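J.: In the working numbering, the protein residues as written are 64 to 150.
Even glycine gets a Cβ: it sits at the ideal position worked out from N, Cα and C.
This one's a predicted model, so the numbers in the text were calculated from it and none came from an experiment.
#1: Where does the unbroken beta strand (DSSP E) through residue 73 begin, and where does it stop?
#2: Please specify which runs of the alpha helix (DSSP H), each continuous and at least 4 residues long, are wholly inside the stretch 99 to 145, giving them in chain order.
#3: Using the rule of at least 16 other Cβ atoms within 10 Å of the residue's Cβ for burial, across every protein chain shown, is residue 88 buried or exposed?
#4: Spatial neighbours of residue 131 within its chain, please: CB distance less than 6 Å, with the 5 preceding and 5 following residues excluded, ordered by chain position.
#5: Would you say the stretch 84 to 100 touches the stretch 113 to 127, given that touching needs at least three Cβ pairs under 8 Å?
#6: On a CA-only basis, which of 66, 68, 86 and 146 is nearest residue 75? Give me that one, please.
#7: State the Cα-Cα distance for the pair residue 105 and residue 143, rounded to the nearest angstrom.
#8: Which residue comes first and which comes last in the alpha helix (DSSP H) that contains residue 89?
Encoded structure:
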């Protein structure tokens, strides 16, 4: 993890249980000292697992739960980017 600056995971919604993405995160990322970890950018086009969704309303609730409700809470877990202007 120390040799990388950015780890990009496509289809990151699969990173559960024994999926290789999950194993990489648990075996390498989380075991690396915080200030030596690479940044991680996870991408998905499927932020909501629709298995077990019984109705459109149930789906809407799952999507609504993804929305940021408290910016301060988000900032506790996600480092905010710094802006650097290069002239």
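T.: Quick look at the numbers:
#1: 69 to 73
#2: 119 to 127 and 134 to 140
#3: It is buried - the Cβ of residue 88 has at least 16 other Cβ atoms within 10 Å.
#4: 137
#5: The stretch 84 to 100, when compared against the stretch 113 to 127, does not touch it at the 8 Å Cβ threshold.
#6: 86
#7: 16 Å
#8: Per DSSP, residue 89 belongs to no alpha helix (DSSP H) and is neither H nor E.
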